[in-house]
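Everything below concerns the one structure shown next.
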Amino acid sequence: MKPADEISLADSGRVQTVTEFTRRVKDLLKDGLPPCWVQGEVSNLRVQASGHVYFSLKDGGAQLGCVLFRGDAARQSVQLRDGLQILAFGQVDVYEARGQYQLITRAVIDHGAGRLQQELEKLKQRLAAEGLFAPERKQALPLLPRTIGFITSPTGAAVQDFIRILERRHWTGRLVVLPAKVQGDGAAEEMVAMLKLAESMEVFDLLVIGRGGGSIEDLWAFNEEVLVRAVAACRLPIISAVGHEIDYTLSDFAADVRAETPSGAAELISSQYLSCVERLDQAGGAMEDIVATRLVHARQQLEHAGSRLRLLSPASAVEQNFLRLDDLRNRLGAALRDSVQSGRQALDAAGARLKATSPEKRVQLESHRLLALWKRLESASPQSVLKRGYAIVRDEQGRPVARAHGLAPGKVLVNEFHDGKLRVRVE
Numbered sequence: 043m044k045p046a047d048e049i050s051l052a053d054s055g056r057v058q059t060v061t062e063f064t065r066r067v068k069d070l071l072k073d074g075l076p077p078c079w080v081q082g083e084v085s086n087l088r089v090q091a092s093g094h095v096y097f098s099l100k101d102g103g104a105q106l107g108c109v110l111f112r113g114d115a116a117r118q119s120v121q122l123r124d125g126l127q128i129l130a131f132g133q134v135d136v137y138e139a140r141g142q143y144q145l146i147t148r149a150v151i152d153h154g155a156g157r158l159q160q161e162l163e164k165l166k167q168r169l170a171a172e173g174l175f176a177p178e179r180k181q182a183l184p185l186l187p188r189t190i191g192f193i194t195s196p197t198g199a200a201v202q203d204f205i206r207i208l209e210r211r212h213w214t215g216r217l218v219v220l221p222a223k224v225q226g227d228g229a230a231e232e233m234v235a236m237l238k239l240a241e242s243m244e245v246f247d248l249l250v251i252g253r254g255g256g257s258i259e260d261l262w263a264f265n266e267e268v269l270v271r272a273v274a275a276c277r278l279p280i281i282s283a284v285g286h287e288i289d290y291t292l293s294d295f296a297a298d299v300r301a302e303t304p305s306g307a308a309e310l311i312s313s314q315y316l317s318c319v320e321r322l323d324q325a326g327g328a329m330e331d332i333v334a335t336r337l338v339h340a341r342q343q344l345e346h347a348g349s350r351l352r353l354l355s356p357a358s359a360v361e362q363n364f365l366r367l368d369d370l371r372n373r374l375g376a377a378l379r380d381s382v383q384s385g386r387q388a389l390d391a392a393g394a395r396l397k398a399t400s401p402e403k404r405v406q407l408e409s410h411r412l413l414a415l416w417k418r419l420e421s422a423s424p425q426s427v428l429k430r431g432y433a434i435v436r437d438e439q440g441r442p443v444a445r446a447h448g449l450a451p452g453k454v455l456v457n458e459f460h461d462g463k464l465r466v467r468v469e
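What follows is the structure, given as structure tokens:
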């Protein structure tokens with residue numbers, strides 16, 4: 043290595059700011075150290091008004107700053123205090139503003155519970171190696187279970203929450219509470235007995251086993267080997283609903299389905315029921331639409347058939363023949379009247395011709411006729427007509443206009459009087 047006075051900027055590469063260097067350290071620590079458990083004694087415990095908890099973990103050789111944020115702190119069952127030996131699980135991080143590394147803590151258990159956790163991990167590995175947790179061993183939950191058995195304490199809050207959610211969602215099946223201890227000595231054996239009883243009754247479609255949250259000691263019965271094996275061997279589909287969301291027991295791994303809480307198990311069961319109810323409602327609505335459409339179509343066909351039946355009805359044909367008969371009767375009467383009138387006219391004409399054969403009468407008649415024709419000719423002359431107060435209406439081309447019908451407003455006409463002509467316009 044070169045002496046300090048011989049080191050140049052070129053040897054060390056680009057110059058970094060403090061922020062950049064701190065971020066490099068942060069990335070190296072986060073990438074190089076995965077989340078892990080750290081054992082130590084709590085000291086310098088501070089609970090902020092925001093709900094965040096700050097403390098240090100120390101042993102004989104070092105100390106480590108830790109922070110437990112509000113959300114994670116609310117889920118812990120251990121009451122932290124200075125001097126308490128704990129196991130803390132978290133991820134190392136760097137607070138850049140101060141350049142300090144600290145453990146972002148997610149879970150805390152006391153040292154005694156840590157020993158239980160080690161025992162639990164050993165039992166979990168052994169049972170997993172036997173295949174008790176294998177996915178192929180798990181059964182599918184029934185879509186619509188009619189009878190459910192809930193193995194739990196009948197006085198606990200878990201069963202009340204379970205029932206309340208089923209009632210709120212209008213689940214219509216039957217729930218049977220199979221009472222058993224869920225904590226303390228003999229609890230695992232009682233729950234195993236209830237499992238065997240439920241199988242022997244042959245009335246249940248689904249079983250739920252669980253309780254509310256608590257410490258690892260409170261939930262330990264659900265980690266005991268006798269209960270885990272009984273859950274895995276159960277012939278009925280079973281849901282494990284133990285503790286809170288962050289709590290895991292070996293019964294959860296052995297069951298066919300794990301629910302985060304007893305309330306979560308009730309929501310899972312009722313959600314399948316509500317889904318089926320919704321599908322049934324949709325199918326019912328679709329069926330009603332189909333029936334309504336069919337009825338409309340059938341009504342249209344019925345009306346069409348009725349119309350055709352009325353057209354083909356004998357009554358209609360008879361009425362048509364009545365009309366035709368009346369028409370023929372009227373035509374026959376008219377033809378007979380025309381024939382009689384024609385004969386009478388022919389007879390009158392023949393008599394008139396017979397009288398007309400006398401020359402005298404014919405000459406007299408022709409004289410009167412000639413005189414009448416002259417008078418008619420004289421009276422029919424245009425000037426004679428005009429003198430009597432009449433006028434002749436002509437268009438602009440001089441053609442006579444005989445009718446008012448068809449004359450358009452605004453058309454120019456010429457009225458001829460006996461003493462002159464006058465142009466007019468049609469209104």
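Take the sequence shown: its letters are residues 43 to 469, numbered as in this note's numbering. Beta carbons are placed, not taken as given, at the ideal position from N, Cα and C, and that holds for glycine.
For residue i, three-class secondary structure by DSSP
i    : result
G107 : strand
K72  : helix
G452 : coil
W213 : coil
Q383 : helix
T64  : helix
E458 : strand
T189 : strand
P221 : strand
D437 : strand
L464 : strand
L174 : coil
T335 : helix
Q90  : coil
R179 : helix
F204 : helix
V245 : coil
A388 : helix
S119 : coil
Expected contact under 8 Å - CB spacing of residue i and residue j to nearest Å
i    : j    : result
C276 : L249 : 7 Å
K223 : E232 : 5 Å
A328 : G254 : Wrong, their Cβ atoms sit about 43 Å apart, outside the cutoff.
A274 : R188 : Actually they are not in contact, since the Cβ atoms of A274 and R188 sit about 25 Å apart, beyond 8 Å.
R436 : V456 : 5 Å
T197 : V219 : Not confirmed; about 10 Å, so no contact.
A334 : L174 : Between L174 and A334 the Cβ distance is about 56 Å, and since that is not below 8 Å, they are no contact.
K166 : L292 : 6 Å
Beta-carbon gap between residue i and residue j smaller than 8 Å
i    : j    : result
V134 : K72  : yes
I311 : I146 : no
D247 : P304 : no
Q225 : D260 : yes
Q406 : H460 : no
I258 : Q159 : yes
R112 : S98  : no
L122 : L87  : yes
E309 : I205 : no
G452 : R467 : yes
V95  : A115 : yes
D298 : Q142 : no
F192 : L217 : yes
Member of the options whose CA lies at the smallest distance from the CA of residue i
i    : options                   : result
A104 : K463, G375 and Q81        : Q81
A230 : P196, S257 and N265       : N265
Y315 : H153, V89 and L186        : L186
H212 : F192, C318, K100 and V67  : C318
E267 : L365, R168, R148 and A149 : R168
G102 : I280, E420, V382 and Q127 : Q127
E458 : F175, L415 and G440       : G440
V60  : A139, K453, S293 and L464 : A139
H153 : A176, G125, G132 and G141 : G125
C78  : F63, F131 and L106        : F131
G462 : L162, G326 and L428       : L428
R148 : L162, A182, A171 and C108 : C108
I280 : A307, A357 and R386       : A307
Proximal residues to residue i (C-beta, below 7 Å), its chain only, five neighbours per side dropped
i    : result
Y137 : Q144
I151 : V120, I128, L129, Q159 and I258
V234 : V268, L269 and A272
A414 : none
Own chain residues within Cβ distance below 6 Å of residue i, not counting five before or after
i    : result
G285 : G255 and L261
L237 : A272 and C276
L75  : V134
D507 : Since the first residue of the chain shown is 43 and the last is 469, residue 507 is not available in this structure.
R117 : I288
K68  : V136
R366 : none
Same chain only: Cβ atoms within 8 Å of residue i, ignoring 5 sequence neighbours per side
i    : result
E241 : C276, R277 and L278
V443 : V435, R436, D437, L449 and L455
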